[in-house]
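**Q**
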Amino acid sequence: MNASNLSLKGLDLRAEIDRLRRTRNAVILAHYYQEPALQDIADFVGDSLDLSRKAEATDAEVIAFCGVRFMAETAKILSPEKIVVLPDMDAGCSLEDSCPPDQFKAFREKHPDHIALTYINCSAEVKALSDIIVTSSSAEIILSQIPLEQKIIFGPDKHLGGYLARKTGRDMLLWPGVCIVHEAFSEIELLKLKAQYPGAPVLAHPECPPHIIDHADHVGSTSSILDYALRSPDELLIVATEPRIIHQMELKAPHKKFIGAPGADGNCNCNMCPYMALNTMEKLYVALRDLQPRVELPDDVRIGAKKSLDRMLDMAGRTVGQGDVGRPVFAGD
Ligand code: 13P
Ligand code: SF4
Numbered sequence: 008m009n010a011s012n013l014s015l016k017g018l019d020l021r022a023e024i025d026r027l028r029r030t031r032n033a034v035i036l037a038h039y040y041q042e043p044a045l046q047d048i049a050d051f052v053g054d055s056l057d058l059s060r061k062a063e064a065t066d067a068e069v070i071a072f073c074g075v076r077f078m079a080e081t082a083k084i085l086s087p088e089k090i091v092v093l094p095d096m097d098a099g100c101s102l103e104d105s106c107p108p109d110q111f112k113a114f115r116e117k118h119p120d121h122i123a124l125t126y127i128n129c130s131a132e133v134k135a136l137s138d139i140i141v142t143s144s145s146a147e148i149i150l151s152q153i154p155l156e157q158k159i160i161f162g163p164d165k166h167l168g169g170y171l172a173r174k175t176g177r178d179m180l181l182w183p184g185v186c187i188v189h190e191a192f193s194e195i196e197l198l199k200l201k202a203q204y205p206g207a208p209v210l211a212h213p214e215c216p217p218h219i220i221d222h223a224d225h226v227g228s229t230s231s232i233l234d235y236a237l238r239s240p241d242e243l244l245i246v247a248t249e250p251r252i253i254h255q256m257e258l259k260a261p262h263k264k265f266i267g268a269p270g271a272d273g274n275c276n277c278n279m280c281p282y283m284a285l286n287t288m289e290k291l292y293v294a295l296r297d298l299q300p301r302v303e304l305p306d307d308v309r310i311g312a313k314k315s316l317d318r319m320l321d322m323a324g325r326t327v328g329q330g331d332v333g334r335p336v337f338a339g340d
């Protein structure tokens, strides 16, 4: 039975989730793109890298992952002895969908002299076919440790790969995947917003296409965007990533104003991640109560994927916040 065919009327979900978290010895991890209620009840909210580090380090018996499937799979790969539940198993990702393992394998076989540096937004099977996993906050530090003469395949996000190639001068063979959320921002609408709020810095995620990145004052992972938003002296900022991250900004800097970058309709609602939105408080409650739906992976896939994830953690550090590049510097730092 799942949350949609079950009446949870009358339940104090916050209190029930809290009770189950204790009786199950569970930790609740949430990504910044989750609905505010899930962010508020989580033990830890973070970007993909920090959520992986937390999943590896926790001594809880159960990880309730409020994020998308590739994130929960990463938690299971790094902590195989733990029960990992994802409130909605359909919470996928357009980048994962763009990169079927058989096609990725064939692509690799065509380029045997290249290593595969792969964005964490992919299936466990693709991780097992890769050499090193990166996230948006670890990609640059990892790239800097790979010899210049080494040829590289980067997938599945062509925009993140293109941004890294432009920034570091590394020529990489790019897989043609995109994030449907960051792809939806409109350059024309962003320029209108900039004209309306002259001087307001634009903060963009590197999953955005170049026509959005070109107008950004800061480009970085969700945690780096949040860091910039909180530490910048600016009181009004434009945020070009999934707008639910603004919840953390408003909690931590209530005196500032944060405006979500718009899509083509001039509104930012089309930039909400439909996969992240599948998780709800009701489904989290059911997941903790029933310890379902559970992430399970075949041993060969899990062991193969762990190798490439371990390389990332070895190269980027295992401590939250460690070695992250893109931390903005402001006067007085
Ligand atoms: P980060 O939080 O690692 O920047 O990733 C963003 C994203 O799109 C996750 O799906
Ligand atoms: Fe995937 Fe984009 Fe949603 Fe992140 S925001 S889960 S990259 S579709």
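So in the working numbering, the last one in the sequence shown is 340, and the numbering has no gaps at all. Think of the CB as a built atom: it goes at the ideal place given N, C-alpha and C, for glycine as much as any other residue.
Mind listing, in chain order, the continuous alpha helix (DSSP H) runs of no fewer than 4 residues lying wholly within the region 19 to 82?
**A** 20 to 30, 43 to 48, 55 to 64
**Q** Using the beta-carbon count (16 or more within 10 Å), is Ala268 buried or exposed?
**A** Your numbering for residue 268 matches position 261 in the sequence shown. Ala268 is buried by the Cβ-count criterion.
**Q** If Ser315 and Thr142 are in contact, beta carbons under 8 Å, what's the gap, nearest whole angstrom?
**A** By one-based count along the sequence shown, residue 315 stands at place 308. By one-based count along the sequence shown, residue 142 stands at place 135. About 12 Å separates the CB atoms of Ser315 and Thr142; that is not less than 8 Å, and the two are not in contact.
**Q** Which residues in the same chain have their Cβ closer than 6 Å to the Cβ of Phe161, if we skip the five residues on either side of it in sequence?
**A** Position 154 of the sequence shown, counting from 1, holds the residue named residue 161. Taken in chain order, the residues that qualify are Leu124, Gly168, Met179, Leu181.
**Q** Establish whether the CB of Asp178 and some CB of chain D are separated by less than 7 Å.
**A** Included in the structure is just one protein chain, with no chain D present.
**Q** So if I measure from each beta-carbon to every heavy atom of the ligand 13P and keep distances below 5 Å, which residues remain?
**A** That query returns the following residues: Asp54, Ser55, Thr142, Ser143, Ser228, Thr229.
**Q** Can you give the Cα-Cα distance for Phe111 and Ala49, rounded to whole angstroms?
**A** What you label residue 111 is simply residue 104 of the sequence shown in a count that begins at 1. What you label residue 49 is simply residue 42 of the sequence shown in a count that begins at 1. Across the structure, Phe111 and Ala49 are spaced so that their CA atoms are roughly 34 Å apart.
**Q** Runs of 3 residues minimum, wholly inside the region 222 to 285: which ones carry the beta strand (DSSP E) assignment?
**A** 243 to 247, 264 to 267
**Q** When you compare the region 104 to 120 with the region 290 to 307, are there three or more beta-carbon pairs, one atom per stretch, that lie closer than 8 Å?
**A** The count of Cβ pairs closer than 8 Å, one atom from the region 104 to 120 and one from the region 290 to 307, stays below three, leaving the stretches out of contact.
**Q** If we ignore side chains and look at the alpha-carbon of each, how far apart do Met288 and Lys313 end up?
**A** Residue 288 sits at position 281 when you count from the first residue of the sequence shown. Residue 313 sits at position 306 when you count from the first residue of the sequence shown. Met288 and Lys313 have their C-alpha atoms some 30 Å from each other.
**Q** Measure from the alpha carbon of Leu171 to the alpha carbon of each residue in Met283, Leu285, Leu150, then state which is nearest.
**A** Against the sequence shown, residue 171 aligns to sequence position 164. With distances taken between CA atoms, Leu171 lies nearest to Leu150 out of Met283, Leu285, Leu150.
**Q** For Val332, collect the residues of the same chain with a Cβ closer than 6 Å to its Cβ; drop the 5 residues on either side in sequence, then sort them by chain order.
**A** Position 325 of the sequence shown, counting from 1, holds the residue named residue 332. Summary for Val332: the model assigns pLDDT 48, below 50, so the residue's position carries little reliability, and this model does not support an answer.
**Q** Quick check on Gln203: buried or exposed, where buried means 16 or more other Cβ atoms within 10 Å of its Cβ?
**A** Sequence index remark: in the sequence shown, residue 203 carries index 196 (1-based). Looking at its Cβ environment, which holds fewer than 16 other Cβ atoms inside 10 Å, Gln203 is exposed.
**Q** Have a look at the DSSP bridge pairing and note the partners of Tyr170.
**A** Here the question's residue 170 lines up with position 163 in the sequence shown. DSSP, once it has assigned bridges, lists no residue as partnering Tyr170.
**Q** Is the separation between the beta-carbon of Pro183 and that of Lys165 shorter than 7 Å?
**A** As a first step, residue 183 is located in the sequence shown; it is residue number 176 there, counting from the start. As a first step, residue 165 is located in the sequence shown; it is residue number 158 there, counting from the start. Yes. Within cutoff.
**Q** Suppose the cutoff is 7 Å on Cβ atoms and the five residues either side in sequence are ignored; what does the same chain contact list for Asn286 look like?
**A** Stepping through the sequence shown from its first residue, residue 286 is reached at position 279. The answer, listed in chain order, is Gln41, Leu45, Cys73, Pro94, Asp95, Ala98.
**Q** So does the region 16 to 24 actually touch the region 259 to 276, counting three or more Cβ pairs closer than 8 Å?
**A** no
**Q** Which residues bound the alpha helix (DSSP H) around Lys117?
**A** Within the sequence shown, residue 117 is the residue found at index 110, counting from 1. Under the DSSP assignment, Lys117 falls in the alpha helix (DSSP H) whose first and last residues are 108 to 117.
**Q** Report, in whole angstroms, the separation of the C-beta atoms of Arg60 and Val327, which I expect to be a contact under 8 Å.
**A** The count along the sequence shown starts at 1 and reaches residue 60 at position 53. The count along the sequence shown starts at 1 and reaches residue 327 at position 320. Their Cβ separation, rounded to whole angstroms, is 5 Å, which keeps Arg60 and Val327 in contact under 8 Å.
**Q** To the nearest angstrom, report how far apart Leu200 and Pro119 are at their CA atoms.
**A** As a first step, residue 200 is located in the sequence shown; it is residue number 193 there, counting from the start. As a first step, residue 119 is located in the sequence shown; it is residue number 112 there, counting from the start. Computed Cα separation, rounded: 46 Å.
**Q** Go ahead and label Gly206 buried or exposed: buried means 16 or more other beta carbons lie within 10 angstroms of its beta carbon, across all protein chains shown.
**A** Walking along the sequence shown from the start, residue 206 turns up at place 199. Answer is exposed; the Cβ neighbour count stays below 16.
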